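Just add 1 to wherever you are in the sequence shown, counting from 1, and you've got the numbering used here. Don't be surprised by glycine CBs; every beta carbon is placed ideally from N, CA and C. Since we're looking at a predicted model, the values are computed, not measured. Since the structure comes first, as structure tokens, the remarks are kept for the end.
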Amino acid sequence: MSELNASNLRKEYGNEGPDLVGITTLTSQHYMVPPSGTTAQRPQNPQKGTLRFNTDIGNLEFYRGDTIGWEQIQRTTPNLGGGATSGSIDGTGARAIFAGGYTPSVNPNDSFNNVDAITIPTLGNTIDFNNLTANLCGGYATGDRTRVVYSGGIGPRAYTPGVTINSIQYANFASQGDYVDAGDLNNTRAFGAAVCDATRSICGSRGMPSYHTSIDYFNTQSSGGGQDFGDIHTAKGYSYGMMSSTRGLIAGGIYCCPGVSYNNVEYVTISATGNATDFGDLSSARYEGASFGSSTRGMVACGSGNSRVIEYFTIASKGNATDFGDSVNVYGTGKYGASSPTRGVFGGGSSPAGGHTTIIEYVQIQTQGNSLDFGDFQGFGRTGAGQEAISNAHGGL
């Protein structure tokens, strides 16, 4: 065996520089710096296993192949609390939380405070996880790797006509203690889109008590009030929210009465403040569906008119939606959505006939195709009329 001591080895393009073949052992007690660049600077036709640091998303990524493409390397929380016993989360991966909602079969005149949970890498039904501080529908779910937050919403009587609130409440992903109060938003708001990164939660678009362009933000881990972030261009609610660690997208929505729906997509830089900037368009004007994604790909599923369309955006580059596939479920309106770095899950919703479903579906984010069955909500069908689901492994982390 030979030994090569060097402080700097480089091989860019062409044939210059050394090739290390066979078994190469790195024994330095210091560090190794991989090649880096923006998303646009990714190499063309790289070999599988190619490793680089993406400066747009601030993470390592590797190339999995022509069909799957680039995938971000994510740190996961190894044990989320739960064992392998019946009725518990098994602790093997990312956790998704589905909070609040409205289901006539539970109470014809009221929303509810129930919160369900699943482990995203596995398949199966939800468990009853904990409870919100009040019966609410249409709130904003955000979170980091440890804390899940529910902001705003309407309740306790969801549609008759209901009282819109400005509260911020939180719980922990790793335990089943109920939500506790953490402060107030800058505005009362409900039925909008939420985005977040590892430190900041943003509530954008607003459907109640009046349609508004304002955006609020707050520190996810701090108790206290929301602050003004800026504005979206169009007063609307019931929008889709997607995010990377740097950028948040707000897509679609409706301005009710006279009922004008939109296909425009806007974005904000999460760590900054300011007004939203045009990003692109959905394939059609719609609202009130599920949204989720990885750090590189934002996705919307289903929506108004019981749409079954699933589309995606490349978050780092502006542009219109690309077709992904279709939901296999006809209950398209009012869904919840959450994700791990590789899998998106979405469920619930109402049917054309007015019933509510318990079905949860999933897709693999970096591929394309129709959804597959994941499991069911426990006990009853539910509708999330706002963005009421989040995970501890979403694209903003």
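- Query: Using the beta-carbon count (16 or more within 10 Å), is His-31 buried or exposed?
  - Reply: The residue in question, His-31, is exposed, as its Cβ has fewer than 16 Cβ neighbours within 10 Å.
- Message: Quick check for students: name the residue ranges of the beta strand (DSSP E) that lie wholly in the segment 173-214, counting only runs of 3 or more.
- Response: DSSP runs (the beta strand (DSSP E)) wholly in the segment 173-214: 181-185, 194-197 and 201-207.
- Item | Reduced DSSP category for Gln-45 - H, G, I as helix; E, B as strand; rest coil | Gln-45 falls in the coil class under three-state DSSP.
- Message: Is it buried or exposed, Gln-367, if we count other Cβ atoms within 10 angstroms and call 16 or more buried?
- Response: Around the C-beta of Gln-367, 16 or more other C-beta atoms lie within 10 Å, and the residue is accordingly described as buried.
- Message: For Thr-256, list the residues DSSP reports as bridge partners.
- Response: Checking the displayed sequence, the identity of residue 256 turns out to be Tyr instead of Thr. Note: Tyr-256 sits in a beta bridge opposite Val-261.
- Compute the beta-carbon to beta-carbon distance between Leu-250 and Phe-314, rounded to the nearest angstrom, for a pair I have assumed lies under 8 Å. So it is a contact: roughly 6 Å between Cβ atoms.
- Item | Whole beta strand (DSSP E) elements within the segment 92-150, 3-residue minimum | Assignment of beta strand (DSSP E) within the segment 92-150, counting only whole runs of 3 or more residues, yields 96-100, 113-120, 128-137 and 141-144 in chain order.
- Query: Who are the near neighbours of Asp-229 in its chain, counting only those whose CB is closer than 6 Å to its CB and skipping five residues on each side?
  - Reply: Sequence-distant partners of Asp-229 (beyond 5 residues in either direction) whose C-beta falls short of 6 Å from its own C-beta, in its chain, are Asn-187.
- Is the CB-CB distance between Ile-311 and Ser-328 below 8 Å? In this structure, Ile-311 lies near Ser-328, with their beta-carbon atoms less than 8 Å apart.
- Residue environment, Gln-42, which counts as buried when at least 16 other CB atoms sit within 10 Å: Counting Cβ neighbours within 10 Å, Gln-42 comes out exposed, since fewer than 16 surround it.
- Contained beta strand (DSSP E) runs [length at least 3] in the segment 345-378, N- to C-terminal order: Runs found: 360-365 and 373-377.
- Leaving out five residues on either side along the sequence, give the residues of the same chain with a beta carbon under 7 Å from the beta carbon of Arg-201. Answer for Arg-201: Tyr-218, Asn-220, Thr-221, Ile-271 and Ser-272, listed in chain order.
- Alpha-carbon to alpha-carbon, Val-34 and Ile-74: Val-34 has its alpha-carbon roughly 15 Å from the corresponding atom of Ile-74.
- Check whether the Cβ atoms of Met-300 and Phe-280 sit closer than 8 Å, and answer yes or no. The answer is no: Cβ separation not under 8 Å.
- When DSSP labels each residue in this structure, what does Asn-60 get in the three-state scheme? Per DSSP, reduced to three states, the secondary structure at Asn-60 is strand.
- In three-state terms, what does DSSP make of Thr-221? Thr-221 carries a coil assignment under DSSP once its states are collapsed to helix, strand and coil.
- Task: Can you check DSSP and say which residues form a bridge with Ile-391?
- Result: Beta-bridge analysis with DSSP links Ile-391 to Ile-98.
- Message: Please state the DSSP three-state secondary structure of Ser-340.
- Response: DSSP places Ser-340 within a strand segment (E or B) once states are collapsed to three.
- Asn-55 by DSSP, collapsed to three states: which one? Of the three classes helix, strand and coil, the one that applies to Asn-55 here is strand, per DSSP.
- Assigned secondary structure, Gly-156 (DSSP; H/G/I helix, E/B strand, else coil): For Gly-156, the three-state secondary structure derived from DSSP is strand.
- Which runs of the beta strand (DSSP E) fall wholly inside the segment 305-337 and span at least 3 residues, in chain order? For the segment 305-337, whole beta strand (DSSP E) runs of length 3 or above, ordered along the chain, are 308-315 and 323-327.
- Query: Nearest-angstrom Cα distance between Lys-319 and Gln-369?
  - Reply: So the alpha carbons of these two residues sit roughly 20 Å apart.
- Just tell me which of Gly-396, Val-22 and Gly-50 has its CA closest to the CA of Ser-246. It is Gly-396.
- Proximity test, Cβ basis, 8 Å: Gly-326 and chain C: Checking the listed chains, one finds no chain C in this structure; it contains a single protein chain.
- Report buried or exposed for Asp-182, applying the criterion of at least 16 other Cβ atoms within 10 angstroms of its Cβ. Sixteen is the threshold: since fewer than 16 other Cβ atoms of the shown chains lie within 10 Å of the Cβ of Asp-182, the residue is exposed.
- Message: Beta-carbon within less than 8 Å of Gln-170's beta-carbon, same chain only, minus the 5 sequence neighbours each way: which residues are those?
- Response: Once the five neighbours on either side are set aside, the close Cβ partners of Gln-170 are Leu-133, Thr-134, Val-150, Tyr-151, Ser-152, Tyr-180, Val-181, Asp-182 and Ala-183.
- Item | Contacts around Asn-131, its chain only, beta-carbon distance under 8 Å, and the 5 residues preceding and following it disregarded | Excluding positions up to five away in sequence, the list reads Val-116, Ala-172, Gln-177, Gly-178, Asp-179 and Tyr-180.
- Task: Drop a sphere of 10 angstroms on the beta-carbon of Lys-49, count the other beta-carbons inside from all chains shown, and report buried for 16 or more, exposed for fewer.
- Result: When all chains shown are included, Lys-49 counts as exposed.
- Query: Quick one: what's Tyr-268 bridged to in DSSP?
  - Reply: Leu-250 and Thr-278, per the DSSP bridge assignment.
- Item | Contacting residues, own chain, Cβ-Cβ under 8 Å from Ile-1 (five flanking each side not counted) | The question about residue 1 has no answer here: the residues shown for the chain are numbered 2 through 398.
- Item | Met-243 - containing beta strand (DSSP E), residue span | Boundaries of the beta strand (DSSP E) around Met-243: 241-244.
- Task: Quick one: measure Cβ to Cβ for Asp-282 and Asn-307, integer angstroms, because I've assumed they're closer than 8 Å.
- Result: Taking the Cβ atoms as the reference, Asp-282 lies roughly 21 Å from Asn-307, outside the contact range of under 8 Å.
- As assigned by DSSP and simplified to three states, the class of Thr-384: Three-state result, Thr-384: strand.
- Collapsed DSSP secondary structure at Thr-165 in the structure displayed: Reduced to three states, the DSSP call for Thr-165 is strand.
- CB-CB under 6 Å to Gly-226, same chain, minus the five flanking residues each way: which ones, in chain order? Within the same chain, Gly-226 has close Cβ partners Gly-184 and Asp-185.
- Query: Can you pull the DSSP bridge partners for Val-301?
  - Reply: DSSP links Val-301 through a beta bridge to Ser-292 and Glu-312.
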